[in-house]
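Novice: The opening residue of the sequence shown carries number 14 in the numbering used here; numbering runs sequentially from there.
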Amino acid sequence: MNITTADRDIECILYTEEEIKKRVSELGEELYDLYKDSVPVMACVLKGASVFYADLVRAYKGHMLFDFIGVSSYGSGTTSSGRINFKKDFDNDIKGKDVIIVEDIVDTGLTLKYLKELLKTREVKSVQTIALLNKYECHTEDLDTDMYGFRIENRFVVGYGLDYAGYYRNLPYIGVLKKEVYS
Ligand code: IMP
């Protein structure tokens with residue numbers, strides 16, 4: 014790991030700060046149209062979705078409740094381990110509530126499938142999932158009902174909350190990481 018500026022390791026920028034801001038604001042409005050008669054629990058999947066979540070909740074103009082859940086499937090590599098590690102449960106009592114799961118990126122879809130199965134056991138009123146990025150070529154699960162910010166090709170991306178081995182989350186844009194950093 015080269016301790017210089019983080020963006021030297023970026024091959025190209027996929028979405029700039031401005032593009033992300035515009036799209037997140039649209040997503041906030043779309044969600045509000047769906048939930049204006051409810052007070053949903055919006056659950057941020059830690060840690061990757063934290064930056065997206067912070068912007069999305071401010072683009073959502075209705076009442077909502079904060080929550081944070083801890084799940085990971087990647088460890089410190091660049092491909093899914095295929096196993097889900099459940100680290101932190103909901104703080105709210107979600108029984109009978111509308112729950113919105115906020116993810117950073119959907120790759121195979123295993124994490125979202127796992128969370129939806131978990132919520133079936135919690136007697137929630139409804140479940141909606143929203144992810145900023147959708148690696149549409151990589152899905153192994155059926156994810157038709159979910160909302161997304163952007164569709165991207167199968168490339169390893171970092172920034173705006175997304176990491177490689179814990180780094181690059183603080184970049185304000187989403188960029189493709191240079192292969193030489195991880196190969
Ligand atoms: P899935 O369970 O295979 O859909 O993987 C979802 C999780 O993998 C995300 O929440 C991320 O933590 C991680 N992930 C997938 N693709 C990337 C990427 O390109 N960059 C950083 N993390 C990724």
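Quick reminder that beta carbons are idealized off the backbone N, C-alpha and C, glycines included. Quick caveat: nothing in here was measured; it's all calculated off a predicted structure.
Looking at residue 113 and the ligand IMP, is the gap between the Cβ and the nearest heavy atom below 6 Å?
Specialist: What you label residue 113 is simply residue 100 of the sequence shown in a count that begins at 1. For the ligand IMP, not one heavy atom lies less than 6 Å from the Cβ of residue 113.
Novice: Would you mind working out which of 76, 123, 117 and 115 sits nearest residue 95, comparing C-alpha positions?
Specialist: Locating residue 95 in the sequence shown gives position 82, counting from the first residue. Ranking 76, 123, 117 and 115 by Cα distance to residue 95 puts 123 first.
Novice: Do you know offhand how far residue 120's Cα is from residue 133's?
Specialist: As a working mapping, residue 120 is identified with position 107 in the sequence shown. As a working mapping, residue 133 is identified with position 120 in the sequence shown. C-alpha separation (whole angstroms): 22 Å.
Novice: Buried or exposed for residue 155, going by 16 or more other Cβ atoms inside 10 Å?
Specialist: Within the sequence shown, the letter at position 142 stands for residue 155. Exposed: under 16 other Cβ atoms inside 10 Å.
Novice: Just reading off the alpha helix (DSSP H) that residue 169 is part of, what are its end residues?
Specialist: One-based indexing of the sequence shown puts residue 169 at position 156. Per DSSP, residue 169 belongs to no alpha helix (DSSP H) and is neither H nor E.
Novice: The alpha helix (DSSP H) spanning residue 63 covers which residue range?
Specialist: Mapped onto the sequence shown, residue 63 falls at position 50. Where residue 63 is concerned, the enclosing alpha helix (DSSP H) stretches over 63-72.
Novice: Do the CB positions of residue 25 and residue 189 come within less than 7 Å of each other?
Specialist: Here residue 25 is taken as the residue at index 12 of the sequence shown, counted from 1. Here residue 189 is taken as the residue at index 176 of the sequence shown, counted from 1. Against a cut-off of 7 Å, the Cβ pair of residue 189 and residue 25 comes out as a contact.
Novice: Would you call residue 171 buried or exposed, if buried means 16 or more other Cβ atoms sit within 10 Å of its Cβ?
Specialist: For the purposes of this step, residue 171 is taken as residue 158 along the sequence shown, with counting starting at 1. When all chains shown are included, residue 171 counts as buried.
Novice: Just to check, is the beta-carbon of residue 94 closer than 6 Å to a non-hydrogen atom of the ligand IMP?
Specialist: Locating residue 94 in the sequence shown gives position 81, where the first residue counts as 1. The answer is no for residue 94.
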